Amino acid sequence: MENQKGILLESGTNELEIVEFEVANNKFGINVIKVKEIIQPIPVTFIPHAHPHVEGIIQLRGEVLPVVDMLKVLGIPTENRNPQQKYIVAEFNKQRVVFHVDNVTQIHRISWDQIEKPSDMYQGGTSQVIGVIKHNDEMILLLDFEKIMVDINPESSISVEAVKKLGKRERTEKKVIIAEDSPLLRKLLFDTMNEAGYVNTEFFENGRDAYDYLEALVKADKEIEKHVQMVVTDIEMPQMDGHHLTKKIKTHPDLQKLPVIIFSSLITDDLRHKGEKVGAEDQISKPEITELILRMDKLIL
C-alpha cells in the first residue's frame, strides 16, 4: 500500500485514488489517503459492553486498535461473510482504526466529478454513503467513514460544548462560505458556528456549488470582500474536492484575496503540503473546532 501511494496525486487536480473493497459481494470504496495498510485478520480481543459495531481490539506493532465490523455497520447479516477476509488499517481525524471487510480488490484513480451525490430518495437521513461511482458497468459506493466513527463514538465529533469553553463571544455578520458534503457535519458546523458568533454562514454540498456561487457573486461585483469574507472547505467532496476549490479561488483574479481554511479529517504532516501548494491560508484537522474558530478570528475579525 505504501508503494501505491507513490502515485500520490498532484494538488488541486480534482482526482483521488480509492481502495475498492467488498462486503457481502457489495462494492465499496475508501480514499487511499486514509489507508495505512491492508493486512490479514489477526486474533481480536473481545471488549465487554463495546459498541455493537466494534468486534474488539487488536495489537499491531505495539499499538492497540479497535476493529470495526463492516457487516454490522452496513446492517448485513453476518452469515453472509465471505471466507477471504481482510483488515483495512485506516487513519483520519487523528485516530487509527481497523475496518474488517470481506476482500480488498483493487485501486482506482478517478476524478471527483465522476462521483455522484446520493439521491435523497434512496439515501435517507442516516446513510453512510457520500458518493456513487459508476465504473465499468458497476457501482462502487464511497462510504462516510467519519460518520461511521461518530456513530460509534459521538464524542469524537465536532462539539458545541468545546466552543462554549472559549467563553462569551460577540456576534459577527462576516459572511463565511462552508463547503462540506456530510449532512451530519453541516448541521454540527452550523450549530458550532452560531455558538461562536458566526451567524452569517452559507453551506454548500461540494466545491463546485460553492465555486459557482462565488463566481456568480464576482461577476455581479468584482469586490468580493463586500459579500464574502472567508471560505472554509472540506477536502473529500463529490464533483469538486477542497484542494481543487482552493486552487480555483487562489488563481482567480477577483477571488484570490479570499482567505481559505481547509477543515478536513485528512490533515496530516504527510499531506499538509497539498493544501500549502494550492494556497490555503490554513489547514485544521477535524474535529478541532476550537482551533478552526480561533484561526477564523485571526483572519477576518
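Residue numbers (UniProt numbering): 1 to 301. Using N, Cα and C, we set each Cβ at its ideal position, and we do this for glycine too. Since this is a predicted model, take the numbers as computed values, not measurements.
I'd like to know whether the C-beta atoms of residue i and residue j end up nearer to each other than 8 Å.
i, j, result
"Ile107", "Glu17", "yes"
"Gly29", "Glu20", "yes"
"His243", "Gly56", "no"
"Ala280", "Ile261", "yes"
"Val104", "Ile38", "yes"
"Ile289", "Ile267", "no"
"Ala179", "Thr233", "yes"
"Val54", "Val35", "no"
"Leu65", "Val97", "yes"
"Tyr211", "Leu189", "no"
"residue 373", "Met230", "Because residue 373 is not part of the residues shown, which for the chain are 1 to 301, the question remains open."
"Gln84", "Asp102", "yes"
"Glu138", "Lys27", "yes"
Given this structure, state the Cα-to-Cα distance separating residue i from residue j, to the nearest angstrom.
i, j, result
"Asn206", "Gly131", "11 Å"
"Asn194", "Ser159", "12 Å"
"Glu225", "Leu258", "7 Å"
"Pro48", "Asn200", "45 Å"
"Glu79", "Leu214", "50 Å"
"Lys165", "Leu292", "14 Å"
"Val228", "Lys277", "23 Å"
"Asp254", "Asp221", "9 Å"
"Pro287", "His51", "21 Å"
"Ser264", "Asp181", "11 Å"
"Ile88", "Val73", "15 Å"
"Glu161", "Phe204", "24 Å"
"Met1", "Lys187", "For Met1, the pLDDT reaches just 46, beneath the cut-off of 50, and the residue's location in the model is therefore unreliable, leaving the point undetermined."
"Pro41", "Leu60", "11 Å"
"Tyr198", "Asn136", "45 Å"
"Thr45", "Glu91", "21 Å"
"Glu173", "Ala216", "21 Å"
"Arg169", "Asn153", "28 Å"
"Lys134", "Ile140", "6 Å"
"Glu223", "Lys94", "38 Å"
"Gly75", "Asp191", "30 Å"
"Ala196", "Arg171", "8 Å"
"Gly167", "Pro77", "47 Å"
"Gly6", "Asp269", "Interpretation of Gly6 is limited by its pLDDT of 41, a score under 50 that renders its predicted location unreliable; the figure taken from the coordinates is listed afterwards. C-alpha separation (whole angstroms): 16 Å."
"Glu202", "Ser119", "21 Å"
"His100", "Lys86", "6 Å"
Which same chain residues end up closer than 6 Å to residue i when comparing Cβ atoms and leaving out the 5 residues on each side of it in sequence?
i, result
"Gln128", "Leu143, Asp144, Lys147, Ile148"
"Gly275", "Ile262, Gln283"
"Asn25", "none"
Excluding sequence positions up to five away, which residues of its chain have a Cβ less than 8 Å from the Cβ of residue i?
i, result
"Val150", "Ser156, Ser157, Leu184"
"Glu15", "Leu9, Arg109, Ile110, Ser111, Trp112"
"Gln239", "Trp112, Asp113, Ile115, Lys117, Asn206, Gly207, Arg208, Asp209"
"Glu63", "Arg96"
"Arg272", "Gln283"
"Lys247", "Ser11, Gly12, Val278, Gly279"
"Pro43", "Ile58"
Taking the continuous alpha helix (DSSP H) assigned at residue i, which residues delimit it?
i, result
"Glu161", "160-164"
Could you spell out the range, first to last residue, of the beta strand (DSSP E) harbouring residue i?
i, result
"Arg22", "At residue 22 the sequence reads Glu, which differs from the Arg that was named. Run containing Glu22: 15-23, per the beta strand (DSSP E) assignment."
"Phe46", "Premise fails: Phe46 is in no beta strand (DSSP E) and is neither H nor E."
"Glu63", "63-69"
"Glu37", "35-39"
"Gly29", "26-31"
"Ile57", "54-60"
Please confirm whether residue i has its beta-carbon closer than 8 Å to some beta-carbon of chain E.
i, result
"Pro259", "Of the chains in the structure shown, none is chain E; there is only one protein chain."
Using C-beta distances below 7 Å, list every residue in its chain close to residue i, excluding the 5 sequence neighbours before and after it, in chain order.
i, result
"Gln4", "Low local confidence applies: a pLDDT of 41 at Gln4 is under 50, so the model's placement there is unreliable, with the coordinate-based value given in what follows. Hits under 7 Å: Val32, Ile107."
"Gln256", "Ile249, Lys250"
"Arg295", "Ile261, Asp282, Ile284"
"Val218", "Ile224, Asp254, Leu255"
"Arg81", "Leu71, Asp102"
Report yes if the C-beta of residue i is less than 7 Å from at least one heavy atom of the ligand FAD; otherwise report no.
i, result
"Thr192", "No copy of the ligand FAD occurs in the structure displayed, which carries no ligand at all."
Ignoring anything shorter than 3 residues, give me the beta strand (DSSP E) runs that lie fully in the UniProt domain "Response regulatory" (175-301), in order along the chain. 176-179, 201-204, 230-233, 260-264, 282-285
Going along the chain, which unbroken runs of the beta strand (DSSP E) with 3 or more residues stay wholly within the region 72-158? 86-92, 95-101, 103-111, 129-135, 138-143
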